[in-house]
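J.: Would you mind keeping the following structure in view while I ask a few things?
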Amino acid sequence: MPAPAASVPRDATIALAAVELRRSEIKAVPVGAVSGEPWFVQPGEAYRVQLAQAATRTEAGGIRRGFKVGLTSSGMQNLLGVTEPDFGHLFADMEVENGGTLNPREFILPKAEPELAFVLRAPLGADRVLPEDVIAATDYVTVAIEVVDSRIRDWKITWTDTVADNGSSSRFVLGDARMYLADAAGTLRSLRTDLVKNDELVGTAPLSEVMGDPITSVCWLAETLYRFGIEMQPGDVILSGSPCAATNLLPGDHVVANIENIGSVTVTVDEERKGTP
0 MPAPAASVPR DATIALAAVE LRRSEIKAVP VGAVSGEPWF VQPGEAYRVQ
50 LAQAATRTEA GGIRRGFKVG LTSSGMQNLL GVTEPDFGHL FADMEVENGG
100 TLNPREFILP KAEPELAFVL RAPLGADRVL PEDVIAATDY VTVAIEVVDS
150 RIRDWKITWT DTVADNGSSS RFVLGDARMY LADAAGTLRS LRTDLVKNDE
200 LVGTAPLSEV MGDPITSVCW LAETLYRFGI EMQPGDVILS GSPCAATNLL
250 PGDHVVANIE NIGSVTVTVD EERKGTP
């Protein structure tokens, strides 16, 4: 049983909340909201919890693979009562190959989102990042699926909870096709994104639903990370945000994300194996 937050200094509380969320992720067992008892994590402390988790993973040998941007649509921001996106860390052990499978026992209540992923070829980060900076630093873009999975019980989250919980990120899948921004930067926002589950279209929207343009999302991320003393590096993957709502994932589900003129990516949730520990 965690010690009540009121009985320990805030730095210790933040560290303990980070441990609790990481343990929840590893065991795939949900916990209560960290914005409530016993932690009472405040909005200004949420990223400290996330960064503490990231530091622990890195110290244990985890390899940073990049970052994700969440809450990029006005609908999601309105739902959580905020006016800007959030970010989370991506690690190498979160990546699933295109066409791969997910073990349902490793998740709590997973959902899938279609996204445009940027892969960098140069460092990116400054107080002010312009679209041309993103274009110059990007090697290519591709279609991706992000699997989100809140460690907070029943997805009953506030902005503070999802930020502390690494932006609710869990896995990501990158497509094989590549598009070079120099050829398509001006048209990205108009490209249609489709999310198909079990041969049924469950979501469709243009990329303009991502902050008006996914490049704007990457600008926001680069500036925000820079304020935390983080500069993105060559090879980093950036999931720029989903233009449409996530879909729930159950054992046996097959999901395809497609972005017009770029390509598609797929992932399947393995069937539940009864009696398997």
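Per numbering that gives the first Met the number 0, the sequence shown starts with residue 0, numbered consecutively.
For every residue, glycine included, the Cβ atom is placed at its ideal position computed from N, Cα and C.
1) Whose C-alpha, out of L15, I13, D10 and G31, is nearest the C-alpha of R150?
2) My guess is that I258 and V142 are in contact by the Cβ rule of under 8 Å, so how many angstroms apart are they, rounded?
3) Hey, how far is the Cα of H253 from the Cα of P8?
4) Which of helix, strand or coil does DSSP assign to V146?
5) Excluding the 5 residues flanking I107 on each side, which residues of the same chain have their C-beta closer than 6 Å to its C-beta?
6) Pair every Cβ in the region 208–219 with every Cβ in the region 59–74, then say whether three or more of these pairs are closer than 8 Å.
7) Quick check on L238: buried or exposed, where buried means 16 or more other Cβ atoms within 10 Å of its Cβ?
8) Assign Y225 to one of three DSSP states: helix, strand, or coil.
9) Where A176 and T12 are concerned, what is the direct C-alpha to C-alpha distance, given to the nearest angstrom?
10) By DSSP, does I258 sit in helix, in strand, or in coil?
11) Locate the alpha helix (DSSP H) running through S207, then write down its first and last residues.
12) With a CB to CB cut of under 6 Å and the five nearest residues on each side skipped, what residues in its chain are close to R188?
13) What does the alpha-carbon distance come out to for the pair V95 and V255?
14) Which same chain residues, not among the five before or five after R47, have their C-beta less than 7 Å away from its C-beta?
15) Hey, P109 and S169: beta-carbon distance below 8 Å or not?
16) Let me know the secondary structure DSSP gives T157 once reduced to three states.
17) Alpha carbon to alpha carbon, how far is A91 from R21? Give it in angstroms, no decimals.
18) For the region 43–101, which segments carrying the beta strand (DSSP E) assignment without a break, of at least 3 residues, lie completely within its bounds, in sequence order?
T.: Judging by the given coordinates:
1) In the sequence shown, the residue the question calls residue 150 occupies position 151. Comparing Cα positions, the closest option is G31.
2) Stepping through the sequence shown from its first residue, residue 258 is reached at position 259. Stepping through the sequence shown from its first residue, residue 142 is reached at position 143. Yes, they are in contact, since the Cβ atoms of I258 and V142 sit about 4 Å apart, within 8 Å.
3) For the purposes of this step, residue 253 is taken as the residue at position 254 of the sequence shown. For the purposes of this step, residue 8 is taken as the residue at position 9 of the sequence shown. Rounded to the nearest angstrom, the two C-alpha atoms are 46 Å apart.
4) Your numbering for residue 146 matches position 147 in the sequence shown. When DSSP states are grouped into helix, strand and coil, V146 belongs to the strand group.
5) Here residue 107 is taken as the residue at index 108 of the sequence shown, counted from 1. Closer than 6 Å at the Cβ level, and outside the excluded window around I107, lie A27, P29 and D148.
6) Judged by Cβ distances under 8 Å, the region 208–219 makes contact with the region 59–74, as three or more pairs qualify.
7) Against the sequence shown, residue 238 aligns to sequence position 239. If you draw a 10 Å sphere on the C-beta of L238, you find 16 or more other C-beta atoms in it, and that means buried.
8) If you number the sequence shown from 1, residue 225 lands on position 226. If DSSP states are grouped into helix, strand and coil, Y225 belongs with the helices.
9) Along the sequence shown, one-based indexing puts residue 176 at 177. Along the sequence shown, one-based indexing puts residue 12 at 13. Distance between the alpha carbons of A176 and T12: 44 Å.
10) Position 259 of the sequence shown, counted from the start, is the residue given in the question as residue 258. In this structure, DSSP gives I258 an extended state, which the three-state scheme calls strand.
11) Position 208 of the sequence shown, counted from the start, is the residue given in the question as residue 207. Per DSSP, S207 lies in no alpha helix (DSSP H) and is assigned neither H nor E.
12) Translated into positions along the sequence shown, residue 188 becomes position 189. Around R188: L206, S207 and D212.
13) For the purposes of this step, residue 95 is taken as the residue at position 96 of the sequence shown. For the purposes of this step, residue 255 is taken as the residue at position 256 of the sequence shown. V95 and V255: Cα-Cα distance of roughly 14 Å.
14) Within the sequence shown, numbered from 1, the residue matching residue 47 stands at position 48. Within the same chain, I13 come within 7 Å of R47 by CB-CB distance, once the 5 residues on both sides are set aside.
15) As a position in the sequence shown, residue 109 is number 110, starting the count at 1. As a position in the sequence shown, residue 169 is number 170, starting the count at 1. Their beta carbons are under 8 Å apart, which means P109 touches S169 by this criterion.
16) Mapped onto the sequence shown, residue 157 falls at position 158. Here T157 sits in coil by DSSP.
17) For the purposes of this step, residue 21 is taken as residue 22 along the sequence shown, with counting starting at 1. For the purposes of this step, residue 91 is taken as residue 92 along the sequence shown, with counting starting at 1. Cα to Cα, R21 sits roughly 16 Å from A91.
18) Here the runs fully enclosed are 63–69, 85–90 and 99–101.
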